[in-house]
Amino acid sequence: MEHAASRGSFSGRLGFILAAAGSAVGLGNLWRFPYLAEQYGGGIFLLTYIVLVITFGVALMITEIAIGRRTGKSCIDAFLDLGEKYKVVGWLIAIIPLIIVPYYCVIGGWVTKYFVEYMSGMGSTLAGGSFYESFTSVSLPGLFDNPVIWFVIYAILSVSVVAFGVQKGVERMSKVLLPGLLILLVGICLYTLTLDGISDGLQYYLVPDFNQFSMKTVLGALGQLFYSLSLAMGIMITYGSYMRKNVDIEKSAYTICLMDSCVAFLCGLMIVPAVVVFIGPGLTDGFGLMFETMPLVFETMPAGHAIGAIFFLLAMFAAWTSSISLSETAVSIFRDRWGWRRSIACIVCLVLILALGMLSCLGFGPLSNIQPFGMSFLGFFDFITNSVLMPIAAIITCIIIGYFVKPKFVIDEVESSGKFRIKHAYVYLVKFICPVLMVIILVAGLLDYFGIYTI
Ligand code: PHE
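Quick note on this note's numbering: the sequence shown kicks off at 216 and runs consecutively.
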């Protein structure tokens, strides 16, 4: 993303879709989706997620892209264009990436560490007992066994790419590496499906058990949808502003939602059934799911260590493109709003990432006795953004478009470049279904979460 004054554009539909998919596919799919699916009852979470993507996901994706393309501006200015009084909404949405990127870098650091371990032939250590727990609780003695080091390296790498404005190069590489990731995912899935006893795990992941359904499941799935599709944080508005006027918005939205959900499904298929075989359901802390299960899978696999190295390399890239796009968003806010030089904005951004991220990084070890709302710092930042701020941002966006600016604003933009096949459904979704259901999900989910009221 570039400064508004030198706004470029994507080369066409494929260019737009690849860039948006590059932002969408990341740790959300690899790390977050499988652990939520495992925690919230497997099949029932998967079903809830799919229903939400088809309805809310598609509607919001179309809305955000259309706002971006019609105004030609990024988040805060786009809302300002909709009306002076909506500026504060733009701000609320713009703050979300600033909270996400620090803890994203912490997990990115873990992925980098795992890659390096596999490269240096230490794959078996990762599979042994409680490596993940000792590593994240900062209790291993070596300097390079300290998660802080990896977090700092990863954060500096991400912000430097933004600082030197070379993300084009990284994005180009990711266009080769993302398909590579997809092929590897399918390969690993095929392998895990041959493991002894996998059928129980498969059943858990694929067959919905309606007894496990609660409002928490829906809130979890809703938050995941925003996170994974990069919605409700201004990113798709900015991407829309770079989209050419002749590209079909509706079709692009379907394609992005479909691609991202397929990747998430495969990641779940690779990890969730295997957890049941190797660890047993419900026995991990969630965040560690990918980091505990995958080494065990690689340990049993022929040439497992080499495949482990490739897997974590590709995961690192998927995460990297996403954290670059998150940091770029943060940096462009400073630049657009206050006219800061890129270098200053990057330094401020890095300091912010290091300060906030450090809390998340140390939250499983030295700071584990501080538990905001009974969660670890990482859990807290993740919860406050995905389960609280993003649903609120999405509700407000629907209300502004549905009642004040009017759906015609979006419809005209979509129709300027193609037929809007679900126009009527869209109006209902944005005016009634999305805002009403999201308010119910948010309130009920929060009450359920804190044990105030169980449905
Ligand atoms: N969607 C990304 C993921 O699934 C996270 C992300 C959000 C990246 C917003 C960029 C912007 O990992």
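Even for Gly, the Cβ is constructed at its ideal location relative to N, Cα and C.
Any non-hydrogen atom of the ligand PHE closer than 7 Å to residue i Cβ
i, result
"Y442", "yes"
"A239", "yes"
"S349", "no"
"I308", "no"
"S456", "no"
"N601", "no"
"I450", "yes"
"G323", "no"
"L396", "no"
"S445", "yes"
"S575", "no"
"L242", "yes"
"P317", "no"
"S537", "yes"
"L541", "yes"
"P312", "yes"
Residue of the options minimising C-alpha distance to residue i
i, options, result
"L444", "I232, A518, I371", "I232"
"V603", "L661, F513, L574, M458", "L661"
"M516", "R636, G338, I615", "G338"
"I364", "P650, F260, L267, L569", "L569"
"D663", "F428, E253, A608, I539", "F428"
"T669", "T432, F350, C482", "T432"
"A342", "G519, Y643, L541", "G519"
"G227", "F595, K466, F665", "K466"
"K621", "T278, I269, V240", "T278"
"S558", "G503, F379, A468, I464", "F379"
"T508", "D500, A521, F493, I522", "F493"
"A468", "V304, Q254, A274", "A274"
"Y250", "M505, T286, S540", "M505"
"A560", "G257, G272, L313, I282", "L313"
"I611", "L261, G272, V303", "V303"
"A252", "L565, L484, P317, F359", "L484"
"F225", "F248, R284, S349, G344", "R284"
"A534", "I464, L392, F624, G666", "L392"
"A234", "N584, V377, F260, S540", "S540"
"V316", "T536, P581, A640", "T536"
"L396", "G594, D411, I371, V240", "V240"
"V566", "S375, T351, V381, S354", "S375"
"I398", "M451, L421, I522, S335", "I522"
"V625", "L358, I452, F502", "I452"
"N584", "S352, S538, L372", "S352"
"G237", "C472, V563, I667, V642", "C472"
"I291", "G495, A447, E514, F513", "A447"
"G305", "A609, V658, G580, F665", "A609"
"G230", "L372, V377, G402, T470", "T470"
Pairs of beta-carbons, one from the region 523 to 535 and one from the region 325 to 332, closer than 8 Å: are there three or more?
yes
If contact is defined by three or more beta carbon pairs under 8 Å, each pair taking one atom from either stretch, is the region 302 to 322 in contact with the region 538 to 556?
yes
Evaluate contact between the region 481 to 490 and the region 444 to 460, counting only Cβ atoms and requiring at least three cross-stretch pairs below 8 Å.
Because the criterion of three Cβ pairs below 8 Å is not met, the region 481 to 490 and the region 444 to 460 do not touch.
Are at least three pairs of beta-carbons, each pair with one atom in the region 430 to 450 and one in the region 589 to 602, less than 8 Å apart?
yes
With three or more C-beta pairs closer than 8 Å as the rule, is the region 646 to 656 touching the region 628 to 635?
no
Count the CB pairs spanning the region 607 to 620 and the region 640 to 648 that are closer than 8 Å, and state whether there are at least three.
yes
Would you check if the region 474 to 481 and the region 240 to 250 touch, i.e. whether three or more CB-CB distances between them fall below 8 Å?
yes
Determine, using beta-carbon pairs with one atom in the region 579 to 595 and one in the region 416 to 430, whether at least three such pairs fall under 8 Å.
no
Cβ contact (3+ pairs, closer than 8 Å) linking the region 382 to 394 and the region 547 to 563
no
Any contact between the region 410 to 424 and the region 632 to 643? By contact I mean 3 or more CB pairs, one from each, below 8 Å.
Contact between the region 410 to 424 and the region 632 to 643 is absent, because fewer than three Cβ pairs lie under 8 Å.
Does the region 572 to 580 come within contact of the region 397 to 406, defined as at least 3 CB pairs closer than 8 Å?
no
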